[in-house]
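Numbering (the working numbering), first residue to last: 6 to 198. The structure appears right after this line, and notes come after that.
Put into structure tokens, the structure is as follows:
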């Protein structure tokens, strides 16, 4: 059995519970408690100082129970998204939607796109490189309805003109797609097409 606090200087990992939510606790050489949600596994993690007792860890878990429950719910969404397999029909759907919206909005915004690619990334939904006239879109957009894909296309093409997310960007989005905020919220909802 592991004794807490630890004096050996070695890391110890143990799964504890906050209510019904599992939390992976790692005792290691850190000064403060740190809670985080792993965006790759969907698990909630707590880093604890080596000298922290299990009772102190339990206090942190109790104090942060609401955050942990919310993070665990997000983690379930992450796991559900990871479990989806992208099939050829999904890629075809995304390519068709991107082609349609890139054609439409590049004309409206008077933007020349030399290259548009789909990438299997989790770090962004869309990315533009105005200096090279390239845009990239996340493969996972294949699981979203056309209005969400259109929103991402407009967002990225607008960056050819406005390079930040300041007031002028938001005003332009309001003018171009008045419901863009609702579309943006769909990116974090568990519902898909």
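Cβ atoms here follow ideal geometry from the backbone N, Cα and C, with glycine treated the same way.
Give me the DSSP bridge partner(s) of residue 130.
None; residue 130 has no bridge partner.
Alpha-carbon spacing of residue 28 relative to residue 98, whole angstroms
38 Å
Pairs of beta-carbons, one from the region 154–174 and one from the region 132–144, closer than 8 Å: are there three or more?
yes
Within this structure, are the beta carbons of residue 51 and residue 40 separated by less than 8 Å?
yes
Inspect the beta-carbon positions of residue 91 and residue 147 and report whether they are closer than 8 Å.
yes
Residue 29: first and last residue of the uninterrupted beta strand (DSSP E) it sits in
26–33
Have a look at residue 65 and residue 79 and give me their C-alpha separation to the nearest angstrom.
20 Å
Comparing C-alpha positions only, which one of 170, 69, 30 sits nearest to residue 58?
30
Who are the near neighbours of residue 43 in its chain, counting only those whose CB is closer than 7 Å to its CB and skipping five residues on each side?
50
I think residue 159 touches residue 181, with their Cβ atoms under 8 Å apart; what is that distance to the nearest whole Å?
6 Å
Assuming contact is defined by CB atoms lying nearer than 8 Å, are residue 156 and residue 185 in contact in what I supplied?
yes
If you run the structure through DSSP and keep just helix, strand and coil, what is residue 49?
strand
When DSSP labels each residue in this structure, what does residue 112 get in the three-state scheme?
helix
Could you check what DSSP says for residue 54 in three-state terms: helix, strand or coil?
strand
Straight-line gap, residue 137 to residue 115 (C-alpha atoms, nearest Å)
15 Å
Along the chain, where does the beta strand (DSSP E) containing residue 123 start, and where does it finish?
120–124
For residue 38, collect the residues of the same chain with a Cβ closer than 6 Å to its Cβ; drop the 5 residues on either side in sequence, then sort them by chain order.
53, 65
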